[in-house]
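Note that this note's numbering has the sequence shown beginning at 62, numbered continuously upward.
In what follows, a structure is listed as structure tokens, so that the remarks can point back to it.
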Amino acid sequence: SGRIVQPDVVLERKPDVMIASWCGKKFRPERVRARPGWDTVPAVRDDELHEVKSAEILQPGPAALTDGVQRLHQIIATWTQKRGVRS
């Protein structure tokens, strides 16, 4: 396993939420939506495509433990609230 998930694995696992971070590049959700067959993936269908800025999570130092984790928590908490999921 690595940091990059292969497209066929995404189709197979059908995630409810996708969280992306690219070092030095902007996350482009429209490119994710345009992938063949991905319209069947719940995260794509339900517009649950999220970005964590690389400066918040990929840089070395405390920001990954503060800003990055805080942003991940925000994404997941919002998703669970929309669906009425209890933690």
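By construction, the Cβ of each residue, glycine as well, lies at the ideal position given by its N, Cα and C atoms.
It should be emphasised that the depicted structure is a prediction, and the values quoted were computed from it without experimental measurement.
- Closest option to lysine 114, judged by alpha-carbon separation, among Pro121, Gly129, Val66 and Val102: Gly129.
- For tryptophan 83, the CB contacts under 7 Å within the same chain, skipping 5 residues up- and downstream, are Ser115 in chain order.
- The Cβ-Cβ distance between glutamate 109 and valine 78 falls below 8 Å.
- Ranking Leu126, Gln120, His134 and Ala124 by CA distance to the CA of glycine 85 puts Gln120 first.
- Distance between threonine 101 and arginine 74, taken at the CA atoms: about 11 Å.
- Of all alpha-carbon atoms in Pro68, Arg64, Gln67 and Ile80, the one lying nearest the alpha-carbon of histidine 134 is that of Ile80.
- Around the beta-carbon of valine 105, 16 or more other beta-carbon atoms lie within 10 Å, marking it buried.
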